[in-house]
Amino acid sequence: MRKKLNIIGQKSKKAFSLNVETKKKNKVLKDYCLLLNKRKKLIINQNKKDINNAQKKGIKSNLIDRLILNEKKISDIIDTIKSIIKLKDPTNIILEKWKRPNGLTISKISIPMGVIGVIYESRPNVTSDVASLCFKSGNPVILKGGTEAFYSNKILSELFRESLKKNKIDKNFVQFINIKNRKAVDFMLTNMNKFIDVIIPRGGKELVKKVQLLSKVPTIGHLEGICHTFIDKDANLKLAKKVVLNAKLRNTAICGATETILFHKKIIKKMINPILKNLENHGCKIIADNETRKFYEGNILKANDKDWSKEYLSAIVSVKTVKDHNEAVKHINKYGTMHTDCIITQNNMTAKKFLTNIKSSIAMHNTSTQFADGGEFGFGGEVGISTSTLPPRGPVGLNQLVSYKYLVSSNGKIRK
């Protein structure tokens, strides 16, 4: 295993030394789309192997749903790649240029990050999304998908490599680790820092925690998505009711789902019952502080301090009453994870103060937190979401997968 992974690393480094022009990149992605369409039956047959294995292991049905590749999902994958093709190549762009009084001309130029290792679970579309984004941004990628999607990931990566080969480009721009042993992940994290420049984990809390704990390579990602929606005293009830329902229940399993709702104390009599009853009627369990429980007329459980730090990823929500937007900000900055947080208000001054003072990588106004997604941001998809205070932050899409360097020129200047 050690030898095999080192060879993969060496091949990635070699691929990184090549410079592929934009037209060639787009041609590879177009041909990949054609192959995905042409080999739909093969992809679905390989996917069935994963589905059958998952069912034999007794994996929950909601997790099996994430694994399924059908004609509709393959078409969605193709549409995502087509959107990436339309985006401007983010590399070799002059970001800034200036001339110094000493005669130096300095340019800041965007460049690829390097070899990217991506460790992920469940969803096979991550293979095609990540491969396409990394390749378009000039970064070779080493993919380590979960064993539950082994055959699906394998065929999707093989078809990308086929497209690279067809266009006479080093197929090792995309490599898939076809080792099922979990020790392969440990080796990537601790022994491949000579080859891998950055690791991106995409998956559950335990996977991300392990990556952040063990990795000797810099990582981009987030541990949890404890997202908040704060309903201010100047909120519009109809808007708030609609946004909160979507933010919590559209898809409870994504990291952008709202996990805690905060109510301004001045509107609890008016808004708590219509907003929370709407959630309860759609199957959501409500856990709340004493102030909220005094006014809510539906089924409600008592919250404790630990509930403010929970990422439920299911139809459960924590609810708390706060005295104003300042207290909401304090609560979010204490219990949140700098992922995505929203204020619902018609007062633009209050919104500005809230958006300025929360530490979140994504701050929203009158908007469902479920929009925390690279595709929705127009990034052509994402390789993940970063909650680090260092860049990149938020959805990491095409334009976030680059670094930069400085080019300095002069007419023989020397420093005194």
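At position 109 of the sequence shown (counting the first as 1) the number is 393 in our numbering, and the numbers step up by one without a gap.
Virtual Cβ for every residue (Gly too), placed ideally from N, Cα, C.
Treat the numbers as computed from the prediction; the structure is a model and nothing was measured.
Residue state for G293 is assigned as helix, using DSSP reduced to three classes.
Three or more Cβ pairs drawn from the segment 640-649 and the segment 671-681 lie within less than 8 Å of each other, which places the two stretches in contact. Between L347 and D334, the CB-CB gap reaches or exceeds 7 Å. Within 10 angstroms of the beta-carbon of P396 lie 16 or more other beta-carbons, which makes it buried. Less than 7 Å divides the Cβ of V667 from the Cβ of V414.
Contact annotation: E543 and I571 have beta-carbon atoms that are not nearer than 7 Å. A straight-line Cα-Cα distance of about 19 Å links N437 and K341.
Burial check for P408: the Cβ neighbour count within 10 Å reaches 16 or more, so the residue is buried. Runs of beta strand (DSSP E) with 3 or more residues, each lying fully within the segment 428-484, are found at 458-460, listed in chain order. The straight-line gap separating the alpha-carbon atoms of D591 and H609 is approximately 20 Å.
Taking 8 Å as the upper bound for CB-CB distance, T653 and G567 are not in contact here, some 19 Å apart.
Straight-line measurement puts the Cα of N530 at about 25 Å from the Cα of D589. Between the segment 605-623 and the segment 546-566, the count of Cβ pairs shorter than 8 Å is three or higher; the stretches touch.
Contact holds between the segment 413-428 and the segment 369-376, because three or more Cβ pairs, one in each stretch, are under 8 Å apart. Assigned with DSSP and collapsed to three states, L302 falls in coil, not helix or strand. For S416, the enclosing alpha helix (DSSP H) begins and ends at 409-420.
Annotation: the continuous beta strand (DSSP E) that includes S670 extends over 668-670. In the DSSP assignment, I368 falls within the alpha helix (DSSP H) that extends over 355-370. Within the same chain, I362 come within 7 Å of N321 by CB-CB distance, once the 5 residues on both sides are set aside. As a beta-bridge residue in DSSP terms, T513 pairs with I545, C626.
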